[in-house]
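Below: one structure, written as structure tokens.
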Amino acid sequence: MPVVILDGSTVRDFVEDKAAFEAAMEVRFKETDLNDDGMLSRSELRTAFEKMRLLESHLGMPEHKTPEELTALYNSVFEQFDTDHDGRVDFSEFCSQMRDILLAIATGLGTSPIQVVIDDDGILQDAVNHEEKNWKENDRFFFLLFSFAFLCVFL
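Have a look at this one:
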């Protein structure tokens with residue numbers, strides 16, 4: 079698990095880059111859609127959340143919940159995702175809810191950079207990769223700009 083330094087702007091910028099966000103969500107959606115029918119069932123969404131162990135812990139510490147409590151939590155999460163209440167989650171519903179979740183994370187992170195341990199293949203890693211890509215592109219731009227300015231001054 080990598081340790082990264084990030085703040086809310088890392089996550090917010092990723093979500094606001096519609097093309098990058100939707101591309102990442104398409105990968106996540108396909109990973110979650112175990113039967114490859116283009117929709118997420120209650121069990122598929124539960125399996126994805128179980129892998130992340132978000133509902134079984136509080137601030138990263140395991141919480142002991144009864145099977146009934148966990149089922150109620152997972153059902154509640156599914157109901158949030160299934161906004162049209164048709165018993166399935168389509169890609170649009172998935173993106174919308176993931177956007178809301180990530181923006182809430184961004185707000186929680188605030189503006190002060192903090193050191194965070196993240197999953198190698200998690201959604202926050204997608205945000206960090208997006209930021210790194212943008213920094214590399216900006217570095218090239220500033221190098222070219224500096225080179226041009228240098229040539230203008232000394233030629």
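Residue numbers are given in my numbering: position 88 of the sequence shown equals residue 166, and the series is strictly consecutive. Glycine included, each C-beta is placed from N, C-alpha and C at the ideal position.
DSSP state of Leu112, grouped into three classes? Taking the first residue of the sequence shown as position 1, residue 112 is located at position 34. Leu112 falls in the coil class under three-state DSSP.
Would you call Ala182 buried or exposed, if buried means 16 or more other Cβ atoms sit within 10 Å of its Cβ? Counting from one through the sequence shown, the residue named residue 182 turns up at place 104. Classification of Ala182: exposed, given that the 10 Å Cβ count is below 16.
DSSP three-state assignment for Ile196, whether helix, strand or coil: Translated into the one-based positions of the sequence shown, residue 196 becomes position 118. In the structure shown, Ile196 sits in coil (DSSP, three-state: anything other than H, G, I, E or B).
Alpha carbon to alpha carbon, how far is Gly86 from Asp204? One-based indexing of the sequence shown puts residue 86 at position 8. One-based indexing of the sequence shown puts residue 204 at position 126. Looking at the two C-alpha atoms, the distance is approximately 14 Å.
Using the beta-carbon count (16 or more within 10 Å), is Met130 buried or exposed? Taking the first residue of the sequence shown as 1, we reach residue 130 at position 52. Burial call: exposed.
Apart from the five residues just before and just after Thr185, which ones in its own chain have a Cβ nearer than 8 Å to its Cβ? Taking the first residue of the sequence shown as position 1, residue 185 is located at position 107. Gly86, listed in sequence order.
Work out the CA separation of Ile179 and Gly200 for me, nearest whole Å. Translated into the one-based positions of the sequence shown, residue 200 becomes position 122. Translated into the one-based positions of the sequence shown, residue 179 becomes position 101. Straight-line Cα distance between these residues: approximately 14 Å.
Are Pro80 and Asp198 closer than 8 Å when you measure CB to CB? Sequence index remark: in the sequence shown, residue 80 carries index 2 (1-based). Sequence index remark: in the sequence shown, residue 198 carries index 120 (1-based). The answer is yes: Cβ separation under 8 Å.
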